[in-house]
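Engineer:
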Amino acid sequence: DGGITQSPKYLFRKEGQNVTLSCEQNLNHDAMYWYRQDPGQGLRLIYYSQIVNDFQKGDIAEGYSVSREKKESFPLTVTSAQKNPTAFYLCASRETGDSYNEQFFGPGTRLTVL
Amino acid sequence: AQSVTQPDIHITVSEGASLELRCNYSYGATPYLFWYVQSPGQGLQLLLKYFSGDTLVQGIKGFEAEFKRSQSSFNLRKPSVHWSDAAEYFCAVHYYGQNFVFGPGTRLSVLP
Numbered sequence: 012d013g014g015i016t017q018s019p020k021y022l023f024r025k026e027g028q029n030v031t032l033s034c035e036q037n038l039n040h041d042a043m044y045w046y047r048q049d050p051g052q053g054l055r056l057i058y059y060s061q062i063v064n065d066f067q068k069g070d071i072a073e074g075y076s077v078s079r080e081k082k083e084s085f086p087l088t089v090t091s092a093q094k095n096p097t098a099f100y101l102c103a104s105r106e107t108g109d110s111y112n113e114q115f116f117g118p119g120t121r122l123t124v125l
Numbered sequence: 003a004q005s006v007t008q009p010d011i012h013i014t015v016s017e018g019a020s021l022e023l024r025c026n027y028s029y030g031a032t033p034y035l036f037w038y039v040q041s042p043g044q045g046l047q048l049l050l051k052y053f054s055g056d057t058l059v060q061g062i063k064g065f066e067a068e069f070k071r072s073q074s075s076f077n078l079r080k081p082s083v084h085w086s087d088a089a090e091y092f093c094a095v096h097y098y099g100q101n102f103v104f105g106p107g108t109r110l111s112v113l114p
C-alpha cells in the first residue's frame with residue numbers, strides 16, 4: 012500500500028537535546044512538507060521541499076532543520092534552539108503536477124519535552 | 003496574504019441531525035479548495051476538493067461541499083451525522099505556485 016509513515020509515534024525529549032523525526036513516503040511524490048499542530052492553531056508550515064536536495068523555510072522554521080537527500084525521505088530535526096517544541100508534528104507529501112492535487116498526510120509524531 | 007477562517011471552533015450536533023461547517027477564504031482569485039478530517043492523534047484525511055466546474059462537490063463518508071464565489075465560502079455539509087463523524091475538520095486553500103493554507107479547524111462532537 013502506498014502511503015506516508017512517520018516514526019516514532021511518541022517522542023520524549025529532555026531540554027537541550029536535538030531530536031529527529033522520520034518521514035518516509037512511497038507515493039513517488041516530489042513535494043514533502045512538515046507542519047506543526049498546536050490546539051486551536053491549525054497547521055503551521057515549518058519546512059517544505061519541492062524536489063530532492065532542495066528545501067525552503069516555512070512560516071515557523073526557527074529552531075528546526077531538515078534534509079532531502081532522497082525523494083522518499085524528509086527528516087525533521089528539532090534543535091535545542093526551538094523554545095517550545097512540545098507539539099504534534101505532521102508530515103505530508105504531494106504530487107506537484109497539477110495545482111488541484113491534494114496533500115497526503117502521515118499519522119503524526121507527538122513530541123513532548125520533559 | 004491568504005487566510006482561511008472557520009468561524010466555529012466547536013460544534014455539537016445530535017446523531018442523525020444535519021451538519022454544516024463553515025469556511026471562508028480571503029484573496030480575490032478563486033483558489034483550489036479542500037476539506038480534511040482528523041481523528042484524535044491521527045493524520046489528516048481528504049474528504050473532498052474543488053477546483054472548477056460544478057460548485058457542489060461530493061466527497062467520502064457522505065459529505066458534500068458547496069463553493070459560493072460571491073461569498074468566498076466553501077461550506078461542508080452532511081445530511082445525517084453519525085457518531086463516527088466526531089473529529090476535527092480543516093478547510094484548506096491553495097493557489098497556483100503557493101503553499102497550502104489551513105484554517106484553524108472546527109471540532110465536531112456528536113451526541114447519542
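Respectively, the protein sequence lines represent chains H and Y.
The numbering of the first sequence is our numbering, which starts it at 12 and goes up by one.
The numbering of the second sequence is our numbering, which starts it at 3 and goes up by one.
Just so you know, even glycine gets a beta-carbon here, dropped at the ideal spot from N, CA and C.
1. Smallest Cα separation from R47/H: which of R79/H, G69/H, S84/H, A92/H?
2. Report, in whole angstroms, the separation of the C-beta atoms of Y21/H and R121/H, which I expect to be a contact under 8 Å.
3. Go through the segment 65-95 of chain H residue by residue and report every complete run of the beta strand (DSSP E) that reaches 3 residues or more, in order.
4. Considering Cα atoms alone, identify which of F116/H, G53/H, K25/H is closest to C34/H.
5. With a threshold of 8 Å on Cβ separation, who are the neighbours of T97/H within its own chain once the five nearest residues in sequence on each side are excluded?
6. Since V63/H is in the beta strand (DSSP E), which residue starts that stretch and which ends it?
7. At a Cβ threshold of 8 Å, is S60/H touching chain Y?
8. Of the residues that make up the segment 36-54 of chain H, which ones have a beta carbon closer than 7 Å to any beta carbon in chain Y?
9. Less than 8 Å between the C-beta atoms of K63/Y and L49/Y, yes or no?
10. Express the C-alpha separation of C102/H and F23/H in angstroms, rounding to a whole number.
11. Quick check on DSSP: helix, strand or coil for S16/Y?
12. Over the uninterrupted beta strand (DSSP E) stretch that includes S33/H, give me the two end residues.
13. Mind checking if L122/H is an interface residue toward chain Y, Cβ cutoff 8 Å exclusive?
14. Which residues in the same chain as T32/Y place their Cβ atom closer than 7 Å to its Cβ, once the five residues preceding and following it in sequence are excluded?
15. Between K51/Y and chain H, is the shortest Cβ-Cβ distance under 8 Å, so that the two count as touching?
Structural biologist: Per the coordinate set shown:
1. Each of R79/H, G69/H, S84/H, A92/H was checked against the Cα of R47/H, and the nearest Cα belongs to G69/H.
2. With a contact defined as Cβ atoms closer than 8 Å, Y21/H and R121/H qualify at about 5 Å.
3. If we require 3 residues or more, the beta strand (DSSP E) runs fully inside the segment 65-95 of chain H come out as 65-68, 75-77, 87-89.
4. Among F116/H, G53/H, K25/H, the Cα nearest to that of C34/H is on F116/H.
5. So the list reads L122, T123, V124, once near-sequence residues are dropped.
6. Unbroken run through V63/H: none, as it is neither H nor E.
7. Output row for S60/H: interface = no.
8. Cβ contacts with chain Y come from G51, Q52, G53, L54.
9. Yes, Cβ-Cβ distance for K63/Y and L49/Y is below 8 Å.
10. Each residue's alpha carbon lies about 18 Å from the other.
11. In this structure, S16/Y counts as strand in the three-state DSSP scheme.
12. 30-36 is the span of the beta strand (DSSP E), which, as asked, contains S33/H.
13. For L122/H, not one C-beta of chain Y is nearer than 8 Å to its own C-beta.
14. The beta carbon of T32/Y sits closer than 7 Å to those of R71, all from its chain and outside the five residues before and after it, given in chain order.
15. Taking a beta-carbon distance threshold of 8 Å, K51/Y counts as an interface residue toward chain H.
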